[in-house]
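What follows is a set of notes on a single structure, which appears directly below.
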Amino acid sequence: MTHKRSLVRRSVRSSAAVVAAGAAALVLAACGGDDGDSAGSAGHGGHTATASASASASPSASAPASQGQHNAADVAFAQGMIPHHRQAVVMADLAPGRAQSAEVKKLAADIKKAQDPEIRTLSGWLSSWGEEVPAEGAMDHSMHGMGGMGGMMTDAEMSELENASGKAFDTAFMEMMIKHHEGAVEMAKTEQADGAYGPATKMAGEIVTSQSAEIEQMNQLLGKD
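According to the numbering used here, numbering within the sequence shown proceeds without interruption in unit steps and concludes at 227.
Here it is as structure tokens:
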């Protein structure tokens, strides 16, 4: 009997241990579930917060692409400088076959090398802003729309330059280009003062610096005649 009672007690203890272990496992599982839910909730909440942050950051992030953080002065600068540069390039293209002075030929080549890429950059800005890019051949008309400002050459002056050669071309080219550059410098200074788009005001500063130096160079060359 004693032996049987001992077996029964051990059996009861074993059963109790199994039950306790099972209960502990259930508790742990429940806790784990809670933790998982908490982690899931935290993760979801974190994701939501991140998504929310991204959503709130999205407008400012997309602003440079859609709005470009530009203003009316930036648009006017780009739309005015494109035809202005185009005319300078046309003038520069006349130099290789007409100029006598090697210095004038180099100056013309430098002008074209600097202004061709700027035309492409300015056009890209206008396109990204949803603004009109001045059409090819609209040089004089565009500038006339701005009150004839900018030092643009008239059709008569362009014809004069096209028909000149040798030293006469050199003189006419430099005199006209000085006037042309002075107009560009004034336009660039206006952009520096009124523009809001960083790359545009930076380009304006470069135009002021480079074209002011070329004006000085041309004045010196004219003074040698």
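For every residue, glycine included, the Cβ atom is placed at its ideal position computed from N, Cα and C. As the structure is a prediction and not an experimental result, all values here were calculated from the model.
Burial state of residue i (16 or more Cβ within 10 Å)
i    : result
Q71  : exposed
E216 : buried
R122 : exposed
S103 : buried
L128 : buried
L224 : exposed
A32  : Any reading at A32 needs caution, since the residue's pLDDT is 43, under 50, leaving its predicted position unreliable; the model's value is listed next. When all chains shown are included, A32 counts as exposed.
Q89  : buried
A158 : exposed
A195 : exposed
E193 : buried
E208 : exposed
Nonlocal neighbours in the same chain, by C-beta distance under 7 angstroms from residue i, ignoring five residues either side
i    : result
P136 : Q81, I84, P85, S144
H87  : Q117, E120, I121
S125 : I84, V135
E164 : L96
T203 : E193, Q194, G197
K181 : G153
E105 : L223
Same chain, Cβ closer than 6 angstroms to residue i, neighbours up to 5 away in sequence not counted
i    : result
T101 : According to the sequence displayed, residue 101 carries Ala and not Thr. For A101, where only same-chain residues beyond five positions count, the Cβ hits under 6 angstroms are K107, F171, D172.
E184 : G153
Q222 : none
G168 : Q102
A44  : Low confidence applies here, because A44 scores a pLDDT of 39, under 50, leaving its location unreliable and the question unanswered by this model.
D133 : Note that residue 133 corresponds to Glu in the displayed sequence, not to Asp. If we look at E133 and ignore the five residues flanking it on each side, its Cβ neighbours are V77.
A228 : In the structure as shown, the chain begins at 3 and stops at 227. Residue 228 is therefore absent and cannot be evaluated.
Residue range of the alpha helix (DSSP H) that includes residue i
i    : result
P136 : Premise fails: P136 is in no alpha helix (DSSP H) and is neither H nor E.
T156 : It is not in any alpha helix (DSSP H) - T156 carries neither H nor E in the DSSP assignment.
Q213 : 200 to 225
S129 : 104 to 131
A195 : 168 to 196
Q81  : 74 to 100
Top-ranked residue by Cα proximity to residue i, from the options
i    : options                : result
M155 : A78, M179, S129, V187  : M179
I113 : E138, N221, Q222, Q213 : Q213
V91  : K169, G139, G168, E105 : G139
A94  : E188, M160, M205, A202 : M160
G99  : W131, A166, F79, G132  : A166
Q219 : H182, T203, K115, M176 : M176
A110 : A174, E162, P201       : A174
Neighbourhood of residue i by C-beta distance below 8 angstroms, restricted to the same chain and skipping five residues each side
i    : result
A198 : Q71, H72, N73, A75, D76
A41  : With a pLDDT of 39 at A41, under the threshold of 50, the modelled position of this residue cannot be trusted; read the value that follows with caution. For A41, where only same-chain residues beyond five positions count, there are no Cβ hits under 8 angstroms.
V210 : V187, A190, K191, Q194
Check: residue i C-beta below 8 angstroms from any heavy atom of the ligand GTP
i    : result
K108 : Although the ligand GTP was asked about, the structure shown includes no ligands whatsoever.
Closer than 9 angstroms to chain C by CB, residue i
i   : result
G82 : Protein chains in the displayed structure number just one, and chain C is not present.
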